[in-house]
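A.B. asks: If you number the sequence shown the way this note's numbering does, the last residue is 256 and the count never jumps. Structure incoming, see below.
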Amino acid sequence: MLRELLLKNRSYRRFTQRNKLNQAQLENLIELSRYAPSAANLQNLRFHLIHTEKDCELLYPALKWAGYLRYWDGPEPGERPAAYIIILAPCNATRFHHTDSGIVAQTIMLGAAEQGLGGCILASVDKDAVHEAFNLPDELDILLVLALGYPAEQVVIEDVIDPDDIEYWRDEAGIHHVPKRLLSELIV
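Following this line, the structure appears as structure tokens:
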């Protein structure tokens with residue numbers, strides 16, 4: 069059952085934008101993160117939730133999408149996320165806050181997948197622009213942005229053929245292919 073959920077939880081970059089998400093749906097995903105492990109149980113991550121069309125449009129230009137798809141600037145209007153969660157940590161947080169943010173991001177994404185949503189964890193963000201646009205507290209650093217919505221693309225997992233080529237790609241039909249290393253390559 070967990071395996072099926074993990075396979076369903078892909079990095080989606082195109083969404084059915086007309087299907088909106090609301091504050092309560094995002095809060096339910098944050099509620100799941102409360103149960104995630106936290107280094108020294110500090111629980112120092114904070115979240116800024118974005119779901120209005122105006123705020124989504126304000127955030128979108130500060131995000132960088134799909135580094136391997138150099139020809140693609142990100143989802144077109146109508147294919148953009150319906151909501152975002154900005155994960156923040158105090159500027160003076162422990163060195164473990166990045167580990168905590170990864171655990172929380174995956175927890176939220178698995179919760180989203182369980183509800184039929186898809187998402188993408190974005191670390192390439194114009195943090196100064198986002199801080200200013202949303203008047204975020206100066207004492208909080210932006211760690212990640214989670215893009216969420218109802219997926220409008222197919223993502224296929226396949227085995228890596230050339231160990232030096234792990235880039236994801238899209239075929240002529242727009243299907244997103246994600247090569248994954250073989251188990252035998254992962255175990256040392």
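Beta carbons are placed, not taken as given, at the ideal position from N, Cα and C, and that holds for glycine. None of these values were measured; they are calculated from a predicted model.
Can you check whether the CB of VAL193 is closer than 8 angstroms to the CB of ALA130?
C.D. replies: yes
A.B. asks: Is the distance from the Cβ of ASN77 to the Cβ of LEU211 below 8 angstroms?
C.D. replies: For the pair ASN77 and LEU211, the CB atoms are not nearer than the 8 angstroms cut-off.
A.B. asks: Is the stretch 161 to 175 touching the stretch 101 to 109, taking contact as three or more C-beta pairs under 8 angstroms?
C.D. replies: yes
A.B. asks: In angstroms with no decimal places, state the Cα-to-Cα distance between GLU221 and ILE229.
C.D. replies: 23 angstroms
A.B. asks: Alpha carbon to alpha carbon, what distance is there between PRO231 and LEU126?
C.D. replies: Between LEU126 and PRO231, the alpha-carbon positions lie close to 39 angstroms from each other.
A.B. asks: State yes or no: is the C-beta of PRO143 within less than 8 angstroms of the C-beta of ARG86?
C.D. replies: no
A.B. asks: Just the Cα atoms here: how many angstroms apart are GLU200 and PHE115?
C.D. replies: 16 angstroms
A.B. asks: Under the assumption that LEU216 contacts LEU156 (Cβ atoms under 8 angstroms), give the Cβ distance between them as a whole number of angstroms.
C.D. replies: Not a contact, Cβ separation roughly 17 angstroms.
A.B. asks: Of the choices GLY242, LEU204, TRP237, GLU182, whose alpha-carbon is the least far from that of ASN96?
C.D. replies: Sorting GLY242, LEU204, TRP237, GLU182 by C-alpha distance to the C-alpha of ASN96 places GLU182 at the top.
A.B. asks: So within the stretch 142 to 227, which uninterrupted beta strand (DSSP E) runs reach at least 3 residues, ignoring any that extend past its ends?
C.D. replies: 151 to 158, 186 to 190, 208 to 217, 223 to 227
A.B. asks: Report back the beta-carbon spacing between GLY186 and TYR80 to the nearest angstrom; my notes put them in contact at under 8 angstroms.
C.D. replies: 3 angstroms
A.B. asks: Return helix, strand or coil for SER101, following the three-state DSSP convention.
C.D. replies: helix
A.B. asks: Quick check: what's the CA-CA separation for LEU74 versus ASP196?
C.D. replies: 33 angstroms
A.B. asks: Indicate the three-state DSSP secondary structure (helix, strand or coil) for SER79 in the structure shown.
C.D. replies: If DSSP states are grouped into helix, strand and coil, SER79 belongs with the strands.
A.B. asks: Excluding sequence positions up to five away, which residues of its chain have a Cβ less than 8 angstroms from the Cβ of PHE202?
C.D. replies: HIS116, ILE118, ASP123, LEU126, LEU127, ILE154
A.B. asks: Tell me the DSSP bridge mates of VAL246?
C.D. replies: ILE225
A.B. asks: Determine the DSSP secondary structure at LEU89, reduced to helix, strand or coil.
C.D. replies: Three-state DSSP puts LEU89 in coil, outside helix and strand.
A.B. asks: Just mark VAL224 as buried or exposed, buried being the case when its beta carbon has 16 or more other beta carbons within 10 Å.
C.D. replies: exposed
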